[in-house]
Amino acid sequence: MTAESVCLDGNPVHKVVEFLQASDLLVIAHRQNHRFSLISPDVSRQIIMRADCSVMVLPHGGRTDYAKSVNGNGGGTQ
């Protein structure tokens, strides 16, 4: 598996969705605080709803076992 980090200029929802056209999987974090959702829209949710590829959503403060398996601390096969 390869991962790529990119920096895009412009509307975050439009740019990320456009970038995802050549992708198989999006891993995205989702914030816990929805207090200001009327003032500042939830960008993560908008991207998730528009993505044409598979999406893995990491909850606020969440962690996957993948990090453990990469670091050799258990959680997967070596």
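For what it's worth, our numbering labels the leading residue of the sequence shown as 0, then goes sequentially.
Heads up, the beta-carbon is just placed ideally off N, CA and C, and yes, glycines get one too.
What span of residues does the alpha helix (DSSP H) with M48 cover, start to end?
Here residue 48 corresponds to residue number 49 of the sequence shown, with the count starting at 1. Start and end: 42–49.
Could you have a look at G73 and say whether DSSP puts it in helix, strand or coil?
The residue given as residue 73 occupies position 74 in the sequence shown. Caution is warranted here: a pLDDT of 48 is assigned to G73, below 50, making its placement in the model unreliable, and the coordinate value is therefore given only provisionally. In the displayed model, G73 falls within coil according to three-state DSSP, outside both helix and strand.
Applying the 10 Å Cβ sphere with the 16-neighbour rule, what's the burial state of V15?
Position 16 of the sequence shown holds residue 15. With 16 or more other Cβ atoms within 10 Å, it is buried.
Go through its chain and collect everything with a Cβ distance to V26's Cβ below 6 Å, but skip five positions before and after it.
Mapped onto the sequence shown, residue 26 falls at position 27. If the five residues before and after V26 are omitted, its C-beta is found closer than 6 Å to the C-beta atoms of M55, all from its own chain and listed in chain order.
Pick out whichever of S4, C6, E3, V12 has its Cα sitting closest to the Cα of M48.
Numbered from its first residue, the sequence shown carries residue 48 at position 49. Measuring from the Cα of M48, the nearest candidate turns out to be V12.
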